[in-house]
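Working notes for the structure below.
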Amino acid sequence: MTAIKACLFDLDGVIVDTAVYHYKAWKQLANSLGFDFTEHQNEQLKGVSRVRSLELILGWGGVTKIADEQHELATLKNTWYVEMISKMTPAEILPGAKAYLEECRAAGLKIALGSASKNSPLILERTGLTSHFDAVIDGNSVTKAKPDPEVFLKGAEALGVQPNECVVFEDAVAGIAAAIAGGMKSVGIGSPELLGDADVVVTGLDKMTVGMLNTL
Ligand code: BG6
Ligand code: MG
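According to my numbering, the residues represented by the sequence shown are 76 to 291, in order.
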């Protein structure tokens, strides 16, 4: 068994609960176009890129838009979203997340962010977590969205470790698939029904210990 040397963390839904802000902003956009979508449908947007999320939402509303209009709509949604996340505070870090990042660092593990979000730097800054990461790979530095493993492979490279020395923490099905495709171990954050492909599933980082990584 190869020893784990690095932890790669997704951001939205693992470190912070920004899903609620994404939902509010997308809902506002859908409503402005004359339709609505449910929280259940919103689950399908987790871990999915901004462009793909818009395509899915327009599909649910039966609305067709040309490329230029799609770009404008995605920008509008992001303006609303950024307004919301600009007010975030460290109190919005999910339970146990900061303590777990500190436990990993104290154990000598390297730490990278592996997120689809182009807003990751702002979220890390608002929550005071920037210095907790040795590398940040996000929507600004990848060309292929999860389930493609690019974001995590770039994270491993930035940390100077091999993929099989990494464990990925993810709340999205596409994120666990990306970890597996990259040849990495994975910890699902959420429900076992949804994230059953992960090596282990916990409800949050407050349920994790560094010791558990040796059992993956
Ligand atoms: C992911 C979220 O982390 O980032 C998705 O789970 C989101 O819901 C995606 O669409 C892209 O985020 P952003 O901030 O670049 O629009
Ligand atoms: Mg996520």
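Just so it is clear, CB atoms sit at the ideal spot from N, CA and C, and this is done for glycine as well.
Note that the structure is predicted; figures quoted are calculated from it, not measured.
Nearest to Ile-198 by CA position, among Thr-77, Ala-78, Asp-92, Ile-79, is which residue?
Nearest C-alpha to Ile-198: Asp-92.
Using 8 Å as the threshold, is the C-beta distance between Ala-191 and Ser-124 below it?
Yes, Cβ-Cβ distance for Ala-191 and Ser-124 is below 8 Å.
Does the Cβ of Gly-109 have 16 or more other Cβ atoms within 10 Å, making it buried, or fewer, making it exposed?
With fewer than 16 Cβ atoms within 10 Å of its Cβ, Gly-109 is classed as exposed.
Nearest-angstrom Cα distance between Ala-210 and Ala-142?
Using only the alpha carbons, I get a separation of about 33 Å.
Rounded to a whole number of angstroms, what is the C-alpha to C-alpha distance between Met-163 and Ala-181?
Their Cα atoms are separated by approximately 27 Å.
Determine the closest residue to Ala-78 out of Gly-279, Leu-280, Met-259, Gly-263, with distance taken between C-alpha atoms.
Comparing Cα-Cα distances from Ala-78 to each of Gly-279, Leu-280, Met-259, Gly-263, the minimum goes to Met-259.
Name the one or two DSSP bridge partners that Cys-82 has.
Answer by DSSP bridge pairing, in chain order: Ile-186, Val-242.
As an exercise, report each continuous alpha helix (DSSP H) stretch of at least 4 residues that is fully enclosed by the stretch 79-164, in chain order.
Within the stretch 79-164, the complete alpha helix (DSSP H) runs of at least 4 residues are 94-107, 114-118, 125-136, 142-160.
Among the residues of its own chain, which have a CB less than 6 Å from the CB of Lys-185, if the five just before and after it don't count?
Correct list, in chain order: Ala-81, Asp-209, Leu-234.
Between which residues of its own chain and Lys-219 is the CB-CB distance below 6 Å, once the five residues before and five after are set aside?
Taken in chain order, the residues that qualify are Glu-225.
What is the rounded straight-line gap between the Cα of Ala-254 and the Cα of Gly-171?
Taking the straight line joining both Cα atoms gives about 22 Å.
Could you compute how far the alpha carbon of Val-242 sits from the alpha carbon of Ser-161?
Cα to Cα, Val-242 sits roughly 30 Å from Ser-161.
Threshold first: 3 residues or longer. Then list the beta strand (DSSP E) segments lying entirely within the stretch 200-265, N to C.
You should have 210-212, 241-245, 260-264.
Just to confirm, is the Cβ distance from Asp-246 to Asp-85 under 8 Å?
Their beta carbons are under 8 Å apart, which means Asp-246 touches Asp-85 by this criterion.
Where DSSP assigns a beta bridge to Gly-275, which residues make up the other side?
It is Val, not Gly, that sits at residue 275 in the sequence shown. Val-275 is bridged to Val-262.
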